[in-house]
Every structure is written in C-alpha cells, then in structure tokens.
Amino acid sequence: MTDTGTEIDDASIPSQSEKSLEHENVETGEPKMRAQGVDVYYGDKRAIDDVSIDIYTEYVTAFIGPSGCGKSTFLRALNRMNDTIPSASVKGRIELDGDDIYASGMDVVQLRARVGMVFQKPNPFPKSIYENIAYGPRIHGLAENRNDVDEIVEKSLRRAGLWEEVKDRLQDSGTALSGGQQQRLCIARAIAVDPEVILMDEPCSALDPIATAKIEELIDELRGRYGIVIVTHSMQQAARVSQRTAFFHLGKMVEYGHTSDIFTNPREKRTQDYITGRYG
Ligand SMILES: Nc1ncnc2c1ncn2[C@@H]1O[C@H](COP(=O)(O)OP(=O)(O)OP(=O)(O)O)[C@@H](O)[C@H]1O
Numbered sequence: 001m002t003d004t005g006t007e008i009d010d011a012s013i014p015s016q017s018e019k020s021l022e023h024e025n026v027e028t029g030e031p032k033m034r035a036q037g038v039d040v041y042y043g044d045k046r047a048i049d050d051v052s053i054d055i056y057t058e059y060v061t062a063f064i065g066p067s068g069c070g071k072s073t074f075l076r077a078l079n080r081m082n083d084t085i086p087s088a089s090v091k092g093r094i095e096l097d098g099d100d101i102y103a104s105g106m107d108v109v110q111l112r113a114r115v116g117m118v119f120q121k122p123n124p125f126p127k128s129i130y131e132n133i134a135y136g137p138r139i140h141g142l143a144e145n146r147n148d149v150d151e152i153v154e155k156s157l158r159r160a161g162l163w164e165e166v167k168d169r170l171q172d173s174g175t176a177l178s179g180g181q182q183q184r185l186c187i188a189r190a191i192a193v194d195p196e197v198i199l200m201d202e203p204c205s206a207l208d209p210i211a212t213a214k215i216e217e218l219i220d221e222l223r224g225r226y227g228i229v230i231v232t233h234s235m236q237q238a239a240r241v242s243q244r245t246a247f248f249h250l251g252k253m254v255e256y257g258h259t260s261d262i263f264t265n266p267r268e269k270r271t272q273d274y275i276t277g278r279y280g
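The structure is reproduced here in structure tokens:
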C-alpha cells in the first residue's frame, strides 16, 4: 500500500453525498473479539467512552488518533492488561469467541496467552534467546519434553522471521540482540504460546526504518493466522499494514472502517481533520 496518510488534501476527500456506501457494513463473519459499550476509567476520569468494535482474524486492525485519545488504554483492555493499574476499571463487555473476558471465572493468565501483547519498547527477559521463547510454552503446559520445546522455539522464531539470524546463538542473551531483533524476539515469544490475537502497542516506535520495515513485513505475514491489532502514531504505517482502521479522539471511537476508506473517504469531519494533519 502507498503512503496515503498526511499527503491527502481536502480536494481529494469527497463530500458526504459522493461517499460510497458499499463499505458501510464492513464485516460479515463472526469476530474473534467483540467490544460493546466499553468505558475505561482511571479513578473517576473516563479515558474510554462507549467504544464498540469487532476484531477479525482476517485483518490487521489499526488504532489511530492524537496523543492521549485512549488508544493504548483501549488496547490494554482487550487482554485485561489494565488490571495491573490499580485505579483502572472497565465497564461494558469485551468478548473473545463470545465469552466475556471480564467474567469472574476468566483465567487472566490464560487470557493473556490467547491475547498476547507486544510493547512499544522491546522487553525480552534477561535470559537466553532460547529461554525467552521456551518459558511460556513450559508454564502453559504446551511442551512435554525437551524435543517439544525445541520444536516450539524453532517454529516461533521462524514465524517471527528471526530463526536464520539467531539459530547458531540460541544461548546468547536476548538483550544482546539489536532493537529490531529484540522486538521480533518478543513477537516470537507471544507466538510461542499459540495466541489467537496479538496486540501491538506502537511496536516500531523505538526502531529504525529498516527494523520497522521488517516488523511491518512480519505483521503482514502473520495476518490471517492471528488477529492483529496495532496502535500506531504513524498514519503511513496504519495505511501500510492494516486493512481496518479505527480512529479515536478524546476517548471515543469516532470512526471505524476499511483502512482505504478512512484515509481517502472518511465519513467524519474529525477523522478528515486528523488525517489531513489539522491536529495530532
Ligand atoms: N495509568 C494511568 N493513570 C491515569 N491516567 C492515565 C493512565 N494511563 C493513561 N492515562 C490517561 O488516559 C488518557 C488516555 O491515555 P492513553 O495512553 O490510552 O492514550 P493514547 O492515545 O494511547 O496516547 P499516546 O498516543 O500518547 O500513547 C490520557 O488522558 C492519559 O493521561
């Protein structure tokens, strides 16, 4: 996809009457995740206001919007990462395969394996490359013996596009890798526990352009196998890697749709203002 982001000028954006409705209802099949009427609070301050969205395995979904609009807060609500913030609370319903992830019986450790997360700053464990990958499958009972673990380590590193670079140095520390390699190691670590969804919170913001391009290629290769949701500050990145985009502003999800529509044919003026660089 081309860099459509900030290069769009007003003249290229059709008026309401010209807008195609054919993409209005963007999905048909069952979503992997569904959020309905979700509010997230920090204490009594509402950071997310009545957000509803479906997440599909078939597509990469990008969350965009100006700083502080709540993208990361909402992303973290999707695997209960907000539970680690004492003042945070969530209202509404978030489902994974139809099950309420905030239900009292939900095993949060299991949930975070099914809905994995990759953070802004690569955060490998201060252990070997091998152990970074092997730890999760062992504690989740996915491997019975050393052979199983070896297989998972190789498969995960291959899927994350890192195997060829590290296969001869699996006992080296994960923290000795370059930033881009560390981020791919973190993606491999998420993959190793067989997730269904991978949440990525600005996964390239600490990386140089070449490492960024590799992560973007990887995201494209992983699409379809896992539901992928990416928070990004870069509209160019959203346009390159995602098929669906949600635009957030002041805690609300203003607009959701096909990425191409959001960037060339937005329905809402606030989306148009953002993609044309009026704020953010
Ligand atoms: N741990 C926290 N405690 C209190 N308020 C918070 C906390 N984390 C975020 N907020 C507030 O919630 C709102 C949304 O923040 P969030 O980080 O989700 O936005 P964002 O869109 O991801 O921003 P950015 O693009 O700058 O990362 C902001 O007003 C922020 O100050």
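Sequential numbering of the sequence shown, starting at 1, is according to full-length UniProt numbering. Where is the CB? At the ideal position from N, CA and C, for every residue including glycine.
Open item on the list: So if DSSP puts F63 in a beta bridge, which residue, or which two residues, is it bridged to?
Closed with: Position 63 of the sequence shown, counted from the start, is the residue given in the question as residue 63. As a beta-bridge residue in DSSP terms, F63 pairs with V231 and A246.
Open item on the list: Measuring only the C-alpha atoms, how far is E268 from Q236?
Closed with: On the sequence shown, residue 268 is found 268 positions in, with the first residue counted as 1. On the sequence shown, residue 236 is found 236 positions in, with the first residue counted as 1. One C-alpha to the other measures close to 19 Å.
Open item on the list: If you reduce the DSSP assignment to three classes, tell me which class D100 lands in.
Closed with: As a first step, residue 100 is located in the sequence shown; it is residue number 100 there, counting from the start. D100 falls in the strand class under three-state DSSP.
TODO: Put M81 into one of helix, strand or coil per three-state DSSP.
DONE: For the purposes of this step, residue 81 is identified with residue 81 of the sequence shown, where counting begins at 1. Three-state result, M81: helix.
Open item on the list: Tell me whether the segment 63 to 77 and the segment 155 to 162 touch, counting them as touching only if at least three CB pairs, one residue from each stretch, are closer than 8 Å.
Closed with: The segment 63 to 77, when compared against the segment 155 to 162, does not touch it at the 8 Å Cβ threshold.
Task: Proximity test, T245 beta-carbon vs ligand 1 heavy atom, cut-off 8 Å - done: In the sequence shown, counting from the first residue as 1, residue 245 sits at position 245. No, the beta carbon of T245 sits no closer than 8 Å to any heavy atom of ligand 1.
TODO: Taking only the alpha-carbon atoms, compute the straight-line gap between K252 and A103 and give it to the nearest angstrom.
DONE: One-based indexing of the sequence shown puts residue 252 at position 252. One-based indexing of the sequence shown puts residue 103 at position 103. CA-CA distance, K252 to A103, rounds to 24 Å.
Open item on the list: I need the straight-line Cα distance from T2 to V241, nearest angstrom please.
Closed with: Mapped onto the sequence shown, residue 2 falls at position 2. Mapped onto the sequence shown, residue 241 falls at position 241. In this prediction, T2 scores a pLDDT of 38, lower than 50, which makes its location untrustworthy; the coordinate-derived value is nonetheless stated afterwards. When the Cα atoms are used, T2 and V241 turn out to be separated by approximately 10 Å.
Open item on the list: Relative to the C-alpha of V229, which candidate in G68, V166, R76 and E217 has its C-alpha closest?
Closed with: As a first step, residue 229 must be located in the sequence shown, where it is residue number 229. Checking every option, the nearest Cα to that of V229 belongs to R76.
Open item on the list: Considering only their Cβ atoms, is the gap separating N79 from V115 smaller than 9 Å?
Closed with: Within the sequence shown, residue 115 is the residue found at index 115, counting from 1. Within the sequence shown, residue 79 is the residue found at index 79, counting from 1. For V115 and N79, yes; Cβs fall inside 9 Å.
Task: heavy atom of ligand 1 below 8 Å from C69 C-beta - done: For this step, residue 69 is matched to residue 69 along the sequence shown. Look at C69: its beta carbon is less than 8 Å from one of the heavy atoms in ligand 1.
Task: Under the three-state DSSP convention, the category V40 falls into - done: Your numbering for residue 40 matches position 40 in the sequence shown. Three-state DSSP puts V40 in a strand.
- [ ] Within the same chain, show all residues whose beta-carbon is closer than 8 Å to that of N25, passing over the 5 residues directly before and after it, in chain order.
- [x] On the sequence shown, residue 25 is found 25 positions in, with the first residue counted as 1. Model confidence at N25 stands at a pLDDT of 48, short of 50, so the residue's coordinates are unreliable; what they give is reported in the following sentence. When the five nearest sequence neighbours on each side are left out, no beta carbon in the same chain lies closer than 8 Å to the beta carbon of N25.
Task: Same chain, Cβ closer than 8 Å to D273, neighbours up to 5 away in sequence not counted - done: For the purposes of this step, residue 273 is taken as the residue at position 273 of the sequence shown. Counting only residues of its own chain and dropping the five nearest sequence neighbours on each side, D273 has a CB closer than 8 Å to the CB of Y279.
- [ ] Determine contact between the segment 52 to 70 and the segment 120 to 130, defined as no fewer than three beta-carbon pairs at a distance below 8 Å.
- [x] By the criterion of at least three beta-carbon pairs nearer than 8 Å, the segment 52 to 70 is not in contact with the segment 120 to 130.
Task: Sequence-distant residues of the same chain with beta carbon closer than 7 Å to D49, five excluded per side - done: For the purposes of this step, residue 49 is identified with residue 49 of the sequence shown, where counting begins at 1. Cβ within range, chain order: D39, G251 and K252.
Open item on the list: ligand 1 and Y256: does any heavy atom of the ligand fall closer than 8 Å to the residue's C-beta?
Closed with: Here residue 256 refers to the residue found at position 256 when the sequence shown is read from its first residue. Distances between the C-beta of Y256 and the heavy atoms of ligand 1 are all 8 Å or more.
Task: For V108, the first and last residue of its enclosing alpha helix (DSSP H) - done: Residue mapping note: residue 108 aligns to position 108 of the sequence shown, counting from 1. Boundaries of the alpha helix (DSSP H) around V108: V108 to R114.
Open item on the list: Buried or exposed, going by whether 16 or more other CB atoms sit within 10 Å of the CB of residue 331?
Closed with: Absent from the structure is residue 331, since the part of the chain shown begins at 1 and ends at 280.
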